[in-house]
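Numbering (the working numbering), first residue to last: 404 to 488.
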């Protein structure tokens, strides 16, 4: 049980870090052909796309809240996994 909780928490931190990198990339000028950007996009987009469908940006005045929602979900998953270990 400890090993599974540790792996889940570690993956949660890794995805959270990639999510933060993606948010920073969206705020600054970046090269979309960069390997770091492509990897970050490939890992985070499957998490963000379903949230975008549930909460369209026109409802939130053009703001994309999907990274914040996914980040909050990751915090909960990490907290539960840490509590189990």
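Ideal Cβ positions, reconstructed from N, Cα and C, are used throughout, including at glycine.
- Look at residue 485 here: in three-state DSSP terms it is helix.
- With fewer than 16 other CB atoms across the displayed protein chains lying within 10 angstroms of its CB, residue 452 is exposed.
- Ranked by how close their Cα comes to the Cα of residue 423, the residues 486, 475 and 407 have 475 in first place.
- Between residue 488 and residue 415, the alpha-carbon positions lie close to 14 Å from each other.
- Within the stretch 432-480, the runs of alpha helix (DSSP H) that reach at least 4 residues and sit entirely inside it are, in chain order, 438-457.
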